[in-house]
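Shown next, in C-alpha cells, is the structure this report addresses.
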Amino acid sequence: MNLLTTFILAIREVRRHLLRSALTTLGIVIGVGAVILMVTLGRGAQAQVTSTISSLGRNLMILVPERAVRTGGGGSTAPFKMEDMLAIARDVPNAVVAPQAASSVLVIYGNESRPVGVTGIDNQWFVARDWKLSAGRTFSDAELRSGRPVCVIGATTRKELFKYQNPLGATLRIGKVSCEVVGLLEAKGASFGNDPDDVVLLPLQTYQRRIAGNRDIGMAWISARSSDDIAKVQADVTSLMHERRRLGPGEPDDFAVKDMKEISKTVGQVTTLLTAFLSSIAAVSLVVGGVGIMNIMLVSVKERTREIGIRMSIGAMEGEVMQQFLVEAVTLSVLGGLMGVAGGLLSSAIACHFIKLPFVLDFSIVVLAFVFSATVGVVFGYFPARQAARLDPIEALRYE
Amino acid sequence: MRPTPPSDPPPPGTLLELRNVTKIYGQGEVQVKALAGVDLRIARGEFVAVMGPSGSGKSTCMNLLGCLDTPTSGSYRFRGLEVGALSRDQRALLRRHYLGFVFQGFNLLARTTALENLELPMIYRGIPAAERHRHARAALQAVGLANREGHTPGELSGGQQQRIAIARAIVTNPDLILADEPTGNLDSARSVEIMELLVRLNRERGMTIVMVTHEPDMAAFARRIIHFRDGLIASDETSQP
Ligand SMILES: Nc1ncnc2c1ncn2[C@@H]1O[C@H](COP(=O)(O)OP(=O)(O)O)[C@@H](O)[C@H]1O
Ligand SMILES: [Mg+2]
Numbered sequence: 001m002n003l004l005t006t007f008i009l010a011i012r013e014v015r016r017h018l019l020r021s022a023l024t025t026l027g028i029v030i031g032v033g034a035v036i037l038m039v040t041l042g043r044g045a046q047a048q049v050t051s052t053i054s055s056l057g058r059n060l061m062i063l064v065p066e067r068a069v070r071t072g073g074g075g076s077t078a079p080f081k082m083e084d085m086l087a088i089a090r091d092v093p094n095a096v097v098a099p100q101a102a103s104s105v106l107v108i109y110g111n112e113s114r115p116v117g118v119t120g121i122d123n124q125w126f127v128a129r130d131w132k133l134s135a136g137r138t139f140s141d142a143e144l145r146s147g148r149p150v151c152v153i154g155a156t157t158r159k160e161l162f163k164y165q166n167p168l169g170a171t172l173r174i175g176k177v178s179c180e181v182v183g184l185l186e187a188k189g190a191s192f193g194n195d196p197d198d199v200v201l202l203p204l205q206t207y208q209r210r211i212a213g214n215r216d217i218g219m220a221w222i223s224a225r226s227s228d229d230i231a232k233v234q235a236d237v238t239s240l241m242h243e244r245r246r247l248g249p250g251e252p253d254d255f256a257v258k259d260m261k262e263i264s265k266t267v268g269q270v271t272t273l274l275t276a277f278l279s280s281i282a283a284v285s286l287v288v289g290g291v292g293i294m295n296i297m298l299v300s301v302k303e304r305t306r307e308i309g310i311r312m313s314i315g316a317m318e319g320e321v322m323q324q325f326l327v328e329a330v331t332l333s334v335l336g337g338l339m340g341v342a343g344g345l346l347s348s349a350i351a352c353h354f355i356k357l358p359f360v361l362d363f364s365i366v367v368l369a370f371v372f373s374a375t376v377g378v379v380f381g382y383f384p385a386r387q388a389a390r391l392d393p394i395e396a397l398r399y400e
Numbered sequence: 001m002r003p004t005p006p007s008d009p010p011p012p013g014t015l016l017e018l019r020n021v022t023k024i025y026g027q028g029e030v031q032v033k034a035l036a037g038v039d040l041r042i043a044r045g046e047f048v049a050v051m052g053p054s055g056s057g058k059s060t061c062m063n064l065l066g067c068l069d070t071p072t073s074g075s076y077r078f079r080g081l082e083v084g085a086l087s088r089d090q091r092a093l094l095r096r097h098y099l100g101f102v103f104q105g106f107n108l109l110a111r112t113t114a115l116e117n118l119e120l121p122m123i124y125r126g127i128p129a130a131e132r133h134r135h136a137r138a139a140l141q142a143v144g145l146a147n148r149e150g151h152t153p154g155e156l157s158g159g160q161q162q163r164i165a166i167a168r169a170i171v172t173n174p175d176l177i178l179a180d181e182p183t184g185n186l187d188s189a190r191s192v193e194i195m196e197l198l199v200r201l202n203r204e205r206g207m208t209i210v211m212v213t214h215e216p217d218m219a220a221f222a223r224r225i226i227h228f229r230d231g232l233i234a235s236d237e238t239s240q241p
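Below, the structure written as C-alpha cells:
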C-alpha cells in the first residue's frame, strides 16, 4: 500500500469521525494559533519600534518632570514654567526647545464629540517633532502672543469629527472654548496603542488661559541640531534645570531628559524579549496539543481494535497498520496546524487592528509552525501506532 | 519459494495439510489443549463443513488454517509452505493473496460503504482504484447486492451484511475461504441464502471453502463434513454427489 493511498484513507477516516478528529486536533490548532499570534504581534511591535526610530529623525529628547527610575523610582514632580523654557532656549546651544501642556478634553463639532488630547504648543513644536501640515497653516506670532482661539488638528480627529467635510475655517468647541481650525497635521500613524493623530493643537497661551487655567508646562520636546550634539544638549539641559529647580549639588534630579532613540531601542529590546518569552509559552501549548493527539489516538486505537483485526485478517502487515495510524496522526496534526495558522493569522490581524500595530506577516514562522505540527503528529502518533501494529489479529477480531 | 519436500509428498491437488497439529493455550495450571494432534488434508475445490460441540477446537483450527496463528507443534502446510516457520508479516501476505475470511459477526468496517469495504483487501494488494471499483462491483453483483454499493453496514440487514462480507472475501479470488459460523447470527431463511451463495461460489468458481457450523441443515450443503471433539477430529465423512 503506497503512501498516497494511505493518505487518502486517512482523510476518509478523519471525515468519517469529524467530531473526534476535531477534538484530537484542537490542541494543535490552539498551540499553532497561539504561536502565530504571539510572533505576529511581536513582529508588529518591532516593526513599530523600527518605524518610530526612523521617524524620530530629529535627534529628539523629551524633558519631563519626573524622577529617573534609577534614583528611586518614577512619580511625577512639579511641572515646568515658561521661564525654564526661555532659559533653555537662551543658554543651551544647538537645540530647539518646544514646550507643551496637554490634557484630555471633550471636543465637539456639530453632532460629533470625542475626548481628544488637547495640547498647547508654540511653533517650535512642529520643528522639534519634524511634523508638517497637510493643509492650512501654523500659528501666527500674534495668535501665539495673545492666546487666540485657533487650532491645528490631527488626521484622526479630523476624520472622526468632520468625516469628509473640509475642517479649515470650521469652529470647534473645546470644552467651553470655541476655536477656529486653521491647520491640519499630516498623519503619522498609530504608535504603541496610542494614536498621535488624535490631537488638537492650540497656542500654548490659549491652552493655559482658557483650558488649563494655570501656567504649567507639562513637558518639552528638545531636538539637537545633529546626533553628535545629543549628549551635550542632554548634559546642558540637565545642569541648567538642576540649577533652576533649586536642587543642591548631589541632590537627585526631579526631572529627566530622555533620548527618544534610547527609549525606542529599549522598547525594541523589551519587545523582542517579550515576543520570545510569549512564543515559547505558546510553543509549550503546542507540545500539550501533541500529548492531546497521543491520548485520543490511544483511545482511538482501543476503539478501533476490531477494525485493526479486520485489516490484519485481510492481510495488512505490521508496518502498514503502523503507517496508517501514523499518517492519520500526521494528517490530523497538519490539518490542525493549517487551521491554527489560519486562526492565528486571523486573530493577529484583528488584534493588530485593535491595538493599532502594523500587521507583519512572517512567512517563515508559518512554515515553522506547520513543520512543527507535522513533527508533533509523528512523535506523538508513533506510540499509539505501534500499539495498533502489535495487536494480535485473533484477539483484535474478538474484541468487543 | 518452493517448499522443501515433506517426508511423504502430498497427493496432487492438495491445498493444505495438517499433520499431528496441537495448539496449547496458556501455561502450567491453566493450560488448555485446544487441538490435541489433528491430521487433515484438504484438496483444492473442496467444500468442507466443520462441526462439533462448543470448545472442541473448531475456531482454533480455523485460525491456524487462516494463518492467523501458528501451531504449538506439528506441521501445517498451506500451498506447500510450512506456516509455522513464517513470520507475522509473511503470514499476513499469505492471507492477503490466498485467503478470504467470513466471520459470524460479519466484521465489516463500520460507517464505511459496501464499496469501500470491498476495496480494502485490494488496497493492500496495491490494485489501482479504477480496477478496484470494477472488481468490487463485480463481487457485489455476484452476491446480489449491486444496488447497495453506497450503503454502510448500519443501513443493511444482517443477511445483506454477511453477503457483503462474502463479497469482500471473494473479491481477490482467494484459494481458500474460511467461514467460522457464517450463519450463526442469521435466521434460517437468510442462512439458506448464504449457504446457496457459498455452494455457488464453490461450484462455479471452484473456490475451496471450509465452514464451521452448528446446524446439520447448513452442514448438509457441504460434500465433506468433519466432526471435532476435544481437540481431535472424531469423524470425517465425504458424501458422493
Ligand atoms: N486465546 C485463548 N486463550 C486461552 N484459551 C483459549 C483461547 N482460544 C480458545 N481457547 C480454548 O480452547 C478451546 C477451543 O476453543 P475454540 O477453538 O474456540 O472452540 P470452538 O470454536 O470449537 O467452540 C476452548 O476450551 C477455549 O476455551
Ligand atoms: Mg468457535
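In order, the protein sequence lines correspond to chains A and F. Sequential numbering of the first sequence, starting at 1, is according to the working numbering. Sequential numbering of the second sequence, starting at 1, is according to the working numbering. For glycine and all other residues, C-beta sits at the position ideal for the given N, C-alpha and C. From a predicted model like this one, the values you see are computed outputs, not experimental measurements.
{"Check": "If you pair each beta-carbon of the region 139-158 of chain F with each one of the region 64-83 of chain F, do three or more pairs fall below 8 angstroms?", "Outcome": "no"}
{"Check": "Would you identify the three-state DSSP class for F/Cys61, choosing helix, strand or coil?", "Outcome": "helix"}
{"Check": "In whole angstroms, what is the alpha-carbon distance linking A/Val127 and A/Arg225?", "Outcome": "11 angstroms"}
{"Check": "Should the region 342-358 of chain A be regarded as contacting the region 25-40 of chain A, the criterion being three or more beta carbon pairs within less than 8 angstroms?", "Outcome": "yes"}
{"Check": "Do you know offhand how far A/Glu160's Cα is from A/Ala135's?", "Outcome": "17 angstroms"}
{"Check": "When we look at the beta-carbon of F/Ala222 and count the other beta-carbons within 10 Å, is it buried (16 or more) or exposed?", "Outcome": "buried"}
{"Check": "Below 9 angstroms on C-beta distance, what does F/Arg96 contact in chain A?", "Outcome": "Ile314, Gly315, Ala316 and Met317"}
{"Check": "At least one CB of chain F closer than 8 angstroms to the CB of A/Leu4: is that the case?", "Outcome": "no"}
{"Check": "What's the call for F/Arg132, buried or exposed, on a 16-neighbour Cβ count within 10 Å?", "Outcome": "buried"}
{"Check": "What did DSSP end up calling F/Thr14 once you bin it into helix, strand or coil?", "Outcome": "strand"}
{"Check": "Can you grab the Cα-Cα spacing for the pair A/Gly189 / A/Ala276, in whole Å?", "Outcome": "26 angstroms"}
{"Check": "When you compare only the Cα positions, how much space is there between A/Val367 and A/Ala351?", "Outcome": "21 angstroms"}
{"Check": "Give me the Cβ distance between A/Met317 and F/Ala92, rounded to the nearest whole Å; I'm assuming they're in contact under 8 angstroms.", "Outcome": "5 angstroms"}
{"Check": "Go ahead and label F/His135 buried or exposed: buried means 16 or more other beta carbons lie within 10 angstroms of its beta carbon, across all protein chains shown.", "Outcome": "buried"}
{"Check": "I want to verify the contact list: residues of chain A whose CB lies under 9 angstroms from the CB of F/Phe101, in sequence order.", "Outcome": "Ile310, Ser313, Ile314 and Leu397"}
{"Check": "Please list, in chain order, the chain A residues whose beta carbon lies closer than 8 angstroms to that of F/Glu132.", "Outcome": "Residue 132 of chain F is actually Arg in this sequence, not Glu. Neighbours of F/Arg132 on chain A: none; closest Cβ ~10 angstroms, over 8 angstroms."}
{"Check": "Can you tell which of A/Glu400, A/Ala349 and A/Leu326 has its C-alpha closest to the C-alpha of A/Asp387?", "Outcome": "Checking the sequence shown, residue 387 of chain A turns out to be Gln, not Asp. Of the listed residues, the one whose Cα sits closest to A/Gln387 is A/Leu326."}
{"Check": "With respect to the beta strand (DSSP E) encompassing A/Val182, which residues constitute its N-terminal and C-terminal limits?", "Outcome": "Val177 to Leu185"}
{"Check": "Is F/Thr72 near ligand 4, in the sense that its beta carbon is under 7 angstroms from a heavy atom of that ligand?", "Outcome": "Ligand 4 is not part of the structure shown, which contains ligand 1 and ligand 2 as its ligands."}
{"Check": "With a cut-off of 8 angstroms on the beta carbons, I'd call A/Thr271 and A/Ala10 a contact; round off their distance for me.", "Outcome": "Contact doesn't hold; Cβ gap of about 41 angstroms is too wide."}
{"Check": "Can you give the Cα-Cα distance for A/Val182 and A/Ala142, rounded to whole angstroms?", "Outcome": "14 angstroms"}
{"Check": "Take F/Asn185 and list the residues in its own chain whose beta-carbon comes closer than 7 angstroms to its own, dropping the five residues that flank it on each side.", "Outcome": "Gln104, Gly105 and Gly158"}
{"Check": "According to DSSP, is A/Met61 part of a helix, a strand, or is it coil?", "Outcome": "strand"}
{"Check": "Just verifying my parser: in three-state terms, what is the DSSP assignment at F/Tyr25?", "Outcome": "strand"}
{"Check": "Can we count A/Ser347 as close to ligand 2, meaning its CB is less than 7 angstroms from some heavy atom?", "Outcome": "no"}
{"Check": "Mind checking which residues open and close the alpha helix (DSSP H) that includes A/Glu143?", "Outcome": "Asp141 to Ser146"}
{"Check": "What did DSSP end up calling A/Val360 once you bin it into helix, strand or coil?", "Outcome": "coil"}
{"Check": "Less than 8 angstroms between C-beta atoms, sequence neighbours within five positions excluded: which residues of the same chain meet that for A/Ser279?", "Outcome": "Val35, Met38, Val39 and Gly42"}
{"Check": "Rounded C-beta distance between A/Val97 and A/Gln124? I'm assuming under 8 angstroms.", "Outcome": "7 angstroms"}
{"Check": "Spatial neighbours of A/Met241 within its chain, please: CB distance less than 6 angstroms, with the 5 preceding and 5 following residues excluded, ordered by chain position.", "Outcome": "Phe255"}
{"Check": "Pairs of beta-carbons, one from the region 43-61 of chain F and one from the region 216-234 of chain F, closer than 8 angstroms: are there three or more?", "Outcome": "yes"}
{"Check": "On the premise that A/Thr119 lies in contact with A/Val200, defined as a C-beta separation below 8 angstroms, what is that separation, rounded to the nearest angstrom?", "Outcome": "7 angstroms"}
{"Check": "Are the CB atoms of A/Asp198 and A/Val116 nearer to each other than 8 angstroms?", "Outcome": "yes"}
{"Check": "Please determine whether the Cβ atom of F/Lys33 lies at a distance below 7 angstroms from any heavy atom of ligand 2.", "Outcome": "no"}
{"Check": "Alpha carbons only, please: which of A/Leu202, A/Trp221 and A/Leu335 is nearest the one belonging to A/Val105?", "Outcome": "A/Leu202"}
{"Check": "What whole-angstrom Cβ distance do A/Gly289 and A/Gly27 have, given they're in contact under 8 angstroms?", "Outcome": "3 angstroms"}
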